[in-house]
Each structure stands twice: as C-alpha cells, then as structure tokens.
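Please read the structure below before turning to the comments.
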Amino acid sequence: MAVQVTPNPSIFDEKIQITISNLIPFQDITIFTYVPVSQFCHYESFAQYKASKSGSVNMCADACIGGSYEGVEPMGLIWSVKAFAENKRKIVRFAQGGYPQPVIYYLIVYEGRIEDIATLRAWALKKTKAPLASAQITKLYVAPGVKRIVVRENGLVGTLFLPKEKGPFPGVINLYGGYPGVLEMKSALHAANGIASLTLAYYGVEGLPKHVDDTQDVSYFEKGVEFMTQHPQVDSRNGIGVVSICKGSILALAMATCLKGIKCVVWVNNSVNAVCGDIKYKDRVFHDIGVEFDLPQTSEPIPIGSDYLNFLPPDFTLKKFGEELQSKNSIVPFHEQQHVSYLFIAGLDDQACPTKLTVQLAELMLMKSKHPDYKVVKYEKTGHLIEPPFSPHAPSYFQPGKPFHVHVSCGGETTAHCKAQEDAWKVHLQFLKEKLVPTVQSKL
Numbered sequence: 078m079a080v081q082v083t084p085n086p087s088i089f090d091e092k093i094q095i096t097i098s099n100l101i102p103f104q105d106i107t108i109f110t111y112v113p114v115s116q117f118c119h120y121e122s123f124a125q126y127k128a129s130k131s132g133s134v135n136m137c138a139d140a141c142i143g144g145s146y147e148g149v150e151p152m153g154l155i156w157s158v159k160a161f162a163e164n165k166r167k168i169v170r171f172a173q174g175g176y177p178q179p180v181i182y183y184l185i186v187y188e189g190r191i192e193d194i195a196t197l198r199a200w201a202l203k204k205t206k207a208p209l210a211s212a213q214i215t216k217l218y219v220a221p222g223v224k225r226i227v228v229r230e231n232g233l234v235g236t237l238f239l240p241k242e243k244g245p246f247p248g249v250i251n252l253y254g255g256y257p258g259v260l261e262m263k264s265a266l267h268a269a270n271g272i273a274s275l276t277l278a279y280y281g282v283e284g285l286p287k288h289v290d291d292t293q294d295v296s297y298f299e300k301g302v303e304f305m306t307q308h309p310q311v312d313s314r315n316g317i318g319v320v321s322i323c324k325g326s327i328l329a330l331a332m333a334t335c336l337k338g339i340k341c342v343v344w345v346n347n348s349v350n351a352v353c354g355d356i357k358y359k360d361r362v363f364h365d366i367g368v369e370f371d372l373p374q375t376s377e378p379i380p381i382g383s384d385y386l387n388f389l390p391p392d393f394t395l396k397k398f399g400e401e402l403q404s405k406n407s408i409v410p411f412h413e414q415q416h417v418s419y420l421f422i423a424g425l426d427d428q429a430c431p432t433k434l435t436v437q438l439a440e441l442m443l444m445k446s447k448h449p450d451y452k453v454v455k456y457e458k459t460g461h462l463i464e465p466p467f468s469p470h471a472p473s474y475f476q477p478g479k480p481f482h483v484h485v486s487c488g489g490e491t492t493a494h495c496k497a498q499e500d501a502w503k504v505h506l507q508f509l510k511e512k513l514v515p516t517v518q519s520k521l
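Numbering of the sequence shown is given in our numbering, commencing with residue 78 and proceeding in unit increments.
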C-alpha cells in the first residue's frame, strides 16, 4: 500500500494530487492529517473514503464521504485543518511571523470508517495503532530560487521577496493588520507568482509605533514606496501596488490618497475611515472615530466588529454613516484619486470589522465620484482573515496589546471561507498584473 503526493514539495498556493493505491477493492479508509505549529498546538483534519474497484483512492476524482469536508476536494485535507490544543489558551494562529518555514503535513491512513477525530489523534500522536500507510506533504511559502532580503534602512522594517526569474518585476507593498512585526508568507507567495513584494511592519517593533492604536504617519510608508520605485529589480513605470488586510487596508487607502507612485490598491476587510488610531501626513490628519470597545474579561472570542458602529443611531442609513464619518474628519477620500485602481475584497460575515457596511460605503463613494477603475468582490459566509489559498479558516485570532488583548471572533463558515480564499487569491493576482505590468505600445 502506498501514498503518492505530486508534486511534493509544492508551493503553498499550488494544488497537489494525492493518490492511495494497493487497497482492497471498495475498502473503507480514514485519513488523519495533522501539522504542528507550536509545542502545544497542532492543526488537524480527517476524511473518509471508499476505494474503487481497482483498490485506489484519487482525491482529485473521488468524493470524501465523511469527516472534515465532503465531496471531491483535492486539497480538502489541507484547507480543512482546525486548531487543537489540550489547553485552548495555547491555540495559536496558523500563520507565524518571521521567516516562513516549510509547512509539514503528516498524513496517516487507517483502515475502516473512524468517526471520532480524538481517536485518530490518539492513534497518530501516541502511535497506539499501526496505520495502513503514511506520508509527509511539504508546502513551501518560499519557492526555490526566490530571493529574501531583510530591509532595515531609512527607518523601514520589512522583508523584500524577489522572483527567481530575471527582472525587473511588478512591485507591491504588503501590509498586514493587527499583527506586530513582519508577516512574510503572502509576500513570499507574491514572488513565487512573479511579483516583487515588500512586506512592511508598521508597529510593535523597535523604532515604530508601539501599539496598533498609536498614530500612523504615512511618511513612513512613503519611504517604502521610494524604496520600491528606486529598486533596480522593480519595474515601477506604471507605479506600485499595495496589498492590504484589516488595519493595513485603511493605511493603504491613506497611501493612495496622500502619496505619488501608487497605481493600485487591494483592500481586504476593514474600513474607509481612520479607526484604531489617527493617520497623518504632513499637515493632514484623519481622525480616529473614537470607538469604545466593549471587551469583557473572557477567553472566548469576541465579535468586536459590531463595536465600531456603536456611535450610530438606530435609524442610520448608508448616507448618514458617510456623513457621520465626514463630520469627524475620519473618512479617507481615496475615491478622489482617479488614477488609482482599486480592488475591494469583502468577507460578508466578518465579525472583526464592520466590512459588510463599509464596503457598501466604499462602493457608493467610488460610484458617486464616477471613478473609472474599481472592482468590488463580495463573498458570502466569509470571515475576516482572508489568507492565501488552502490556508485554514481562522474562526478567531488573538489580538495582542492595547486596546484589545483579547481573542477576536472572525466569522465565516469553513468551506465557504476557504473557497473564497482560493478565488480571492486568483482575482488579486490577476488584478495586480493587469494594473502593474506596462503594456507594449504598437509602433504602427
């Protein structure tokens, strides 16, 4: 009996084929998969299959009949993993800071239909039952040949990833949300897809604001734009893109509003106004709307997104919402930048930010200004953390530091959320390449 995985290793956003052969015809099997992410926490999934009459299971063609997912899902064992820890306080986010290490998935095949994942976990981790077969699946964020360059100059704290091919390449700046320091995985995958990507920290490290709600100065990000436009491996003839999520998204809109050299922005799940701290550029200030967060002392995830709207009257309308933000000098007038292309990606079940409402306001602002180039993509049953494809759905995450220091509920339903991640990744890559790659002008 054998498990074949091709390709293996593979890039994280690359689909793989898993085949199990030399089974008994129509044999029932259960596959348990786990991936350690810390000393105390791993992510796990399981799936039940029935072998074909030839004694094989091909996950690209055969349907899972029970477990963490159902149906024909070639990547189901990967995206359906969920966090487990004996102590729930030890559960950590799947994506970790620093160098994005290879992710190792341990795949173990057992005979029969096992319904209890705790039983499978005990068998696998304590090695109390012999499996039919096993394999390791290696997924890479950093593709072979991709160059990783630590950037610590002119006050910048970040990491630049360059594709292995001969440049220059289209270039983007990547901004994460409420995560102190540098998260590199998305920029590494950009480089695997032919895009030079600089991921920037903007708080929580020496030399930068300490807390997520401290004032952000767009001049810092201006240095990032200058770094990219002056880099010999970046083709900035069309300008630079900004890819963002959560707090990074309002900063991206502020960059597009205040700075030269920005060609396009990918906005994911946040707001169109300053929140969680003021944003300034020279003598211009976008004021925090002053949300009072209701943060009970609990270890359970909190849906803080609703707190953003507590200042609104019960009979508010979208128009009143915009007027309220305008009156507080909080709204960022990104829509006035007609030369910047925008892609808005919204998870409509986001419980960490009021995305369902704010994306409507963004759309209204763009429409009223007759903006010539924008796209809005909305995903039902999709939560806050829209990560690269085949990443697990994060129902919650821990937001460290003031004003939060709580577990935040993200929302979303696992299958729908993971499907949205796969689609959003394709959409945003296509958008970046369309806007950033100069077109060849005919001489005829």
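Don't be surprised by glycine CBs; every beta carbon is placed ideally from N, CA and C.
Straight-line gap, residue i to residue j (C-alpha atoms, nearest Å)
{"i": "residue 350", "j": "residue 171", "result": "29 Å"}
{"i": "residue 225", "j": "residue 305", "result": "14 Å"}
{"i": "residue 178", "j": "residue 217", "result": "7 Å"}
{"i": "residue 486", "j": "residue 345", "result": "17 Å"}
{"i": "residue 120", "j": "residue 181", "result": "11 Å"}
{"i": "residue 262", "j": "residue 403", "result": "36 Å"}
{"i": "residue 270", "j": "residue 205", "result": "42 Å"}
{"i": "residue 255", "j": "residue 484", "result": "12 Å"}
{"i": "residue 512", "j": "residue 343", "result": "11 Å"}
{"i": "residue 411", "j": "residue 111", "result": "43 Å"}
{"i": "residue 242", "j": "residue 514", "result": "15 Å"}
{"i": "residue 214", "j": "residue 88", "result": "11 Å"}
{"i": "residue 465", "j": "residue 489", "result": "16 Å"}
{"i": "residue 101", "j": "residue 138", "result": "18 Å"}
{"i": "residue 331", "j": "residue 176", "result": "28 Å"}
{"i": "residue 455", "j": "residue 422", "result": "6 Å"}
{"i": "residue 209", "j": "residue 203", "result": "16 Å"}
Cutoff 6 Å; reference residue i; Cβ partners in own chain excluding five residues on either side
{"i": "residue 191", "result": "107 and 197"}
{"i": "residue 70", "result": "Residue 70 lies beyond the range of the chain shown here (78 to 521); nothing can be said about it."}
{"i": "residue 299", "result": "336"}
{"i": "residue 98", "result": "79 and 133"}
{"i": "residue 388", "result": "Here the model assigns residue 388 a pLDDT of 49, short of 50, so the residue's position is not dependable and the matter cannot be decided."}
{"i": "residue 220", "result": "88 and 269"}
{"i": "residue 399", "result": "438"}
Option nearest residue i by Cα separation, candidates the options
{"i": "residue 126", "options": "177, 188 and 161", "result": "188"}
{"i": "residue 118", "options": "139, 130, 504 and 161", "result": "161"}
{"i": "residue 235", "options": "221, 341, 284 and 199", "result": "284"}
{"i": "residue 469", "options": "354, 169, 327 and 365", "result": "169"}
{"i": "residue 471", "options": "495, 482 and 455", "result": "495"}
{"i": "residue 92", "options": "104, 151 and 476", "result": "151"}
{"i": "residue 503", "options": "467, 105 and 516", "result": "467"}
{"i": "residue 326", "options": "315, 201 and 352", "result": "352"}
{"i": "residue 365", "options": "420, 505, 292 and 231", "result": "292"}
Beta-carbon separation (whole angstroms), residue i vs residue j, contact threshold 8 Å
{"i": "residue 266", "j": "residue 321", "result": "Rounded, the Cβ-Cβ distance is 15 Å, inconsistent with contact."}
{"i": "residue 249", "j": "residue 301", "result": "Contact flag wrong, Cβ pair sits at about 10 Å."}
{"i": "residue 417", "j": "residue 339", "result": "6 Å"}
{"i": "residue 280", "j": "residue 287", "result": "7 Å"}
{"i": "residue 451", "j": "residue 443", "result": "5 Å"}
{"i": "residue 363", "j": "residue 409", "result": "5 Å"}
Reduced DSSP secondary structure (H/G/I, E/B, other) of residue i
{"i": "residue 190", "result": "coil"}
{"i": "residue 499", "result": "helix"}
{"i": "residue 160", "result": "strand"}
{"i": "residue 171", "result": "coil"}
{"i": "residue 229", "result": "coil"}
{"i": "residue 504", "result": "helix"}
{"i": "residue 121", "result": "strand"}
{"i": "residue 518", "result": "Per-residue confidence for residue 518 stands at a pLDDT of 48, beneath the threshold of 50, marking its modelled position as unreliable; the derived number appears in the next sentence. Residue 518: coil per DSSP, three-state reduction."}
{"i": "residue 458", "result": "coil"}
{"i": "residue 352", "result": "coil"}
{"i": "residue 388", "result": "Any reading at residue 388 needs caution, since the residue's pLDDT is 49, under 50, leaving its predicted position unreliable; the model's value is listed next. Note: residue 388 maps to coil in three-state DSSP."}
{"i": "residue 475", "result": "strand"}
{"i": "residue 274", "result": "strand"}
{"i": "residue 212", "result": "strand"}
{"i": "residue 412", "result": "helix"}
{"i": "residue 423", "result": "strand"}
{"i": "residue 236", "result": "strand"}
{"i": "residue 267", "result": "helix"}
{"i": "residue 26", "result": "The requested residue 26 is not part of the displayed model; the chain covers only 78 to 521."}
{"i": "residue 97", "result": "strand"}
{"i": "residue 484", "result": "strand"}
{"i": "residue 106", "result": "strand"}
{"i": "residue 289", "result": "coil"}
{"i": "residue 176", "result": "coil"}
Chain B contact for residue i (CB, 8 Å cutoff)
{"i": "residue 409", "result": "Any reference to chain B falls outside this structure, which holds one protein chain only."}
Residues near residue i in its chain [Cβ-Cβ closer than 7 Å; skip 5 each side]
{"i": "residue 146", "result": "124, 153, 157 and 492"}
{"i": "residue 135", "result": "96"}
{"i": "residue 448", "result": "412 and 415"}
{"i": "residue 260", "result": "172, 174, 253 and 276"}
Chain-order list of residues whose beta-carbon lies under 8 Å from that of residue i (same chain, five-residue window excluded)
{"i": "residue 273", "result": "237, 238, 239, 240, 244, 245, 246, 247, 248, 249, 267, 305, 308, 310 and 311"}
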